[in-house]
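Residue numbers (my numbering): 7 to 304.
Don't be surprised by glycine CBs; every beta carbon is placed ideally from N, CA and C.
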Amino acid sequence: MGSDFEITVVAKDSIAANNQIDRAIAEIRRIEKLISSWDSTSQTSEINRNAGIKVVKVDKELYDLVERAIGISKLTDGAFDITYASMDRIWRFDGSMTQMPTTDSIEASVSKVGYENIVLNKKNQTVFLKLPGMKIGFGAIGKGYAADKAKLLLIKNGVSSGIINASGDMNTWGVRPNGEPWKVAITNPMNKNKAYGMLPITDGAVVTSGNYEKFVTLNNKRYSHIIDPRTGYPASGLISVTVFAPKAELADALATSVFVMGKEVGLSRINQLPKVECVIIDEKGTLFTSNHIKIDTL
Ligand code: ADP
Ligand code: MG
């Protein structure tokens, strides 16, 4: 999935713990096989290959994920959009880019973007991308989904407490062996060795999207790897967005969305959602929070 997973479980001994962790890893690999757009044999790649050509029958699991992703697009007025993927030829965040793409190429890149052009058929369990060249990608939601599924599996197997850490995206359940809640630190993006504050989480996920890890600097302006599907330009203005939600999938998708929506729209949207909170740090290093969150700054 292009990122490291770290799994922590509370168990009676290390043999039992390792056995459970192996099962969780297998589950994450299984999901990667289904949703990866790098793997040409995945069902997701098959959907992409057949864009503008024909419908593709997929597993219910993938169908449902696409359906939920579209739901999040509607909730965020298109700030979140799995069809962003056709724009990835324009912007590269691996250091190889030295100049701004042309306005024309940016405009052309968004012509294949738009969740409205994903056609679902529930009865036949098919997905069809209407436009040739259209592509979907689960970069902003897949890690969260995989973490939720791994957690679910461990709970089913009787693991009472643990953490799935997907490169900093935390998904926890239960309490620590000493009875205390798991705690997460909000990192200060201006100084990675310093935390802004600590928050207890008992059963839920905390996901951060930030442009301090993957970005490109052009003409002294920092462009993040999160792209506004409506304009084709990378989102700017915020440095990090952390979302708390019962599920990692939702937290993951919303963190990306708030990044695109910006501070005002993002916060007002989050404030309308039950059990979802967020912490935003803008370019100047100023911290903003949703209505029901209290963090103890260190
Ligand atoms: P991170 O990889 O830092 O955890 P995110 O969860 O925010 O970040 O996901 C960013 C990834 O999501 C990008 O690398 C890209 O693959 C994809 N993406 C970029 N913009 C969007 C968007 N507007 N909607 C959906 N996915 C996006
Ligand atoms: Mg995300």
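Tell me, which residues are paired with V181 by DSSP? Paired residues: none, contrary to the question.
Give a yes or no on contact between the stretch 201 to 213 and the stretch 164 to 178, applying the rule of three or more CB pairs nearer than 8 Å. yes
Ligand 1 and D87: does the residue's C-beta get closer than 7 Å to at least one heavy atom of that ligand? yes
Tell me whether P183 is buried or exposed, calling it buried when 16 or more other Cβ atoms sit within 10 Å of its Cβ. exposed
Helix, strand or coil for R228? Go by DSSP, reduced to three states. strand
For D288, which three-state DSSP category applies? strand
Close-in-space but distant-in-sequence residues of the same chain around K39 (CB under 7 Å, 5 per side omitted): D45 and S48
For L137, three-class secondary structure by DSSP: coil
Other residues of its chain near P138: CB distance less than 7 Å, five sequence neighbours each side excluded: A57 and G58
Are the beta-carbon atoms of G180 and V72 separated by less than 8 Å? no
To the nearest angstrom, report how far apart R98 and V61 are at their CA atoms. 30 Å
Pop quiz: R233 and E289 are said to be a contact at Cβ under 8 Å. What is the actual Cβ separation, rounded to whole angstroms? Here residue 233 turns out to be Ile, not Arg, going by the sequence shown. The pair is not a contact, with the Cβ atoms about 18 Å apart (cut-off 8 Å).
Relative to the C-alpha of K63, which residue among V133, T50, A85 and M140 is closest? V133
Pull the bridge partners of P187 from the DSSP assignment, please. Paired residues: none, contrary to the question.
Nearest-angstrom Cα distance between A251 and V264? 14 Å
Mind pulling the alpha helix (DSSP H) runs of 4 or more residues that sit fully within the stretch 226 to 271? 254 to 267
In whole angstroms, what is the alpha-carbon distance linking K200 and M93? 35 Å
Regarding G143 and ligand 4, is the C-beta to nearest heavy atom distance less than 7 Å? Ligand 4 is not among the ligands present in this structure, which contains only ligand 1 and ligand 2.
May I have the straight-line CA-CA distance separating R95 from T248, to the nearest angstrom? 27 Å
Can you find the residues in the same chain that come closer than 8 Å, C-beta to C-beta, to K162, ignoring five residues on each side of it along the sequence? none
Mind checking who S215 pairs with in its DSSP beta bridge? V247
Give the DSSP-derived three-state secondary structure of T132 in the structure shown. strand
Nearest-angstrom Cα separation, counted from K300 out to G203: 10 Å
Cβ-heavy atom distance between D10 and ligand 1 below 7 Å? no
Who are V62's beta bridge partners in DSSP? V133
Spatial neighbours of A257 in its chain, beta-carbon cut-off 7 Å, leaving aside the 5 residues before and after: G150, A211, V212, V213, V249, F250 and A251
Tell me the rounded alpha-carbon separation between S242 and Y229. 6 Å
Could you check where the beta strand (DSSP E) with V125 kicks off and where it finishes? I124 to N127
Under the assumption that G84 contacts R275 (Cβ atoms under 8 Å), give the Cβ distance between them as a whole number of angstroms. At roughly 12 Å, the Cβ-Cβ gap does not stay under 8 Å, so G84 and R275 are not in contact.
How about I76: is its Cβ closer than 7 Å to a heavy atom in ligand 1? no
Just verifying my parser: in three-state terms, what is the DSSP assignment at T208? coil
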